[in-house]
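Worksheet: the structure to be examined is printed underneath.
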Amino acid sequence: MQLRYAFRVYPDAGQRIALARAFGCARVVFNDAVRAREDARRSGLPFPTAAALSRKLITEAKRTAERSWLGEVSAVVLQQALRDAEAAYRTFFASLKGTRKGPKVGAPRFKSRKDARQSVRFTANARWCITGSGRLSLPKIGAVKVKWSRTLPSTPSSVTMIKDAAGRYFASFVIVTDPAADQASMPATDHTIGIDLGLTHFAVLSDGTEIDSPRFLRRAEKKLKKAQRELSRKQRGSKNRDKARLKVARAHTKVADARREFHHQLSTKLISENQGIAVEDLSVAGLARTRLAKSVHDAGWSSFVGMLTYKAKRYGRTLIMIGRFEPTSQTCSTCGTVEGPKPLDVREWTCTACGTVHDRDHNAAINIKQAAGLAASACGAPVRPGAIPAQREETGSHGFPTDTCAA
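Going by my numbering, the first residue of the sequence shown is number 29, and it counts up by one from there.
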């Protein structure tokens, strides 16, 4: 299984200039590829092939006065920018044909130097290395200082250098894990659980455990409003506005990082303690169009369920998604009587058939577990994720890897 291990990096002044140059060159090649495709479409000509674009936009462009500075960065970075453009068009055409799942995707657009996120990718043939002192050596950039928060389980196949909206730099490694070793690292258990996600509590488990919602965005709202007001008062194009924008971005990244850490810790705990997990497939996009939109986004249910999905696949656990139209909040978990819809302010109700008093969320979690067929067995159903892209891994042991070269 492919995973992403992201680490904070601290380039010096010269390395930041070199990274900015790499970001800019990759962006120009990507935009040139999109422009060449669009010109061919308007002229009614067939799209140029990847080989033709590589020869024209990289090899020949380096020999011209207008694009001679493309030679100042690694050629691998430029080739990967072309690959990204090709992948964007493949995704767009697959979306048009209906062969791609999910919402419709538009045609590739030009990248801007003002985009919040900038990135370049180095593959193995770029000859990047992790030195014995723990630095990341990149071609035409140098040995960058890395804050290793955990060890890499295997040799990475590529590394992506990222600059986010808050001005932070990250090195994101793609590694392939050993399924047998991953499953052996998890303790054996036959325990199963049903999870009811909500807003009053982030999650209520079928065993009665209630997990409070941290409400990271709500808690930081006052500080965010103040930073946003200061930004709105600054003159556009001024240096003070850039400083204020950076302050707003840092406040938002602090909220996002805290939420992601909470999701990682909770999902890892549930995966390690339970062989079978059932969770409801909520319509987050639909709920985000209601008056509860801010609270729904603050909870981050989709991110949490995504972590459960790939961790269940990685560690050999059973994860079952229950249909969103299953009446889990309307059904008595004791006798099975369907009582009908209830307003959200009804947090406790009594079954008219058997007289059992139910907590709304706890009853729903029990029904989710029973609907998944996990009440009696933890191994009766397979994990149901589709294709899993490389995910950002959770925090782990500290230290840095030994001298490792990708070439």
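Note that CB positions come from ideal geometry on N, CA and C, so glycine has one too.
Source: prediction; values computed, not measured.
Just to confirm the assignment, what range does the alpha helix (DSSP H) spanning residue i have?
i, result
"Gln30", "Segment Gln30 to Tyr38 is the beta strand (DSSP E) holding Gln30; no alpha helix (DSSP H) there."
"Gly334", "Trp329 to Tyr343"
"Val81", "Residue identity differs from the one stated: residue 81 is Leu in this sequence, not Val. Leu81 -> alpha helix (DSSP H) spans Ala78 to Ser82."
"Leu252", "Glu249 to Ser260"
"Leu315", "Val312 to Leu315"
Taking residue i as the reference, give the member of the options with the closest Cα.
i, options, result
"Ile394", "Ser323, Gly222 and Ala46", "Gly222"
"Lys251", "Lys282, Lys142 and Arg118", "Lys282"
"Thr25", "Ala327, Thr346 and Arg278", "Look at the range of the chain in this structure, 29 to 435, and you will see that residue 25 is not part of it."
"Arg49", "Glu258, Val105 and Lys175", "Val105"
"Ile86", "Ala64, Arg70 and Phe75", "Ala64"
"Glu238", "Lys132, Phe244 and Asp224", "Asp224"
"Cys382", "Gly42, Asp270, Arg118 and Gly364", "Gly364"
"Trp329", "Ser295, Ser300 and Ile348", "Ser295"
"His325", "Ala209, Arg137, Leu245 and Ile158", "Leu245"
"Val57", "Arg155, Arg137 and Lys397", "Arg137"
"Thr220", "Thr228, Gln398 and Lys132", "Gln398"
"Tyr159", "Arg149, Asn153, Gly170 and Phe75", "In the sequence as presented, Tyr is not what sits at residue 159; that position holds Thr. Out of Arg149, Asn153, Gly170 and Phe75, Gly170 has the C-alpha closest to the C-alpha of Thr159."
Helix or strand or just coil, what does DSSP make of residue i?
i, result
"Asp235", "coil"
"Lys175", "strand"
"Lys191", "strand"
"Pro371", "coil"
"His229", "strand"
"Thr378", "strand"
"Val204", "strand"
"Val133", "coil"
"Gly42", "helix"
"Arg243", "coil"
"Phe150", "strand"
"Thr119", "helix"
"Cys53", "helix"
"Leu110", "helix"
"Ile86", "helix"
What residue range does the beta strand (DSSP E) around residue i cover?
i, result
"Ala306", "Gly304 to Glu308"
"Gly126", "Neither: Gly126 is in no beta strand (DSSP E) and is coded neither H nor E."
"His386", "Val385 to Asp387"
"Gln293", "Taken as a continuous stretch (DSSP letters only), Gln293 belongs to no beta strand (DSSP E), being part of the alpha helix (DSSP H) at Lys267 to Glu301."
"Thr183", "That residue, Thr183, is in no beta strand (DSSP E); it is neither H nor E in DSSP."
"Leu347", "Thr346 to Ile350"
Which partner residues does residue i have in the DSSP bridge list?
i, result
"Ala199", "Phe35 and Met189"
"Val366", "Thr359"
"Asp218", "Answer is none; Asp218 lacks a bridge partner."
State the CB to CB distance for the pair residue i and residue j, rounded to an integer number of angstroms; the pair is presumed to be in contact (CB under 8 Å).
i, j, result
"Ser177", "Val187", "About 16 Å; that fails the 8 Å criterion."
"Ala439", "Thr356", "Outside the displayed span of the chain (29 to 435) sits residue 439, for which this structure offers no information."
"Met189", "Leu47", "6 Å"
"Gly134", "Phe120", "7 Å"
Does any heavy atom of the ligand GDP sit closer than 6 Å to the C-beta of residue i?
i, result
"Leu294", "This structure simply doesn't include the ligand GDP, nor any ligand for that matter."
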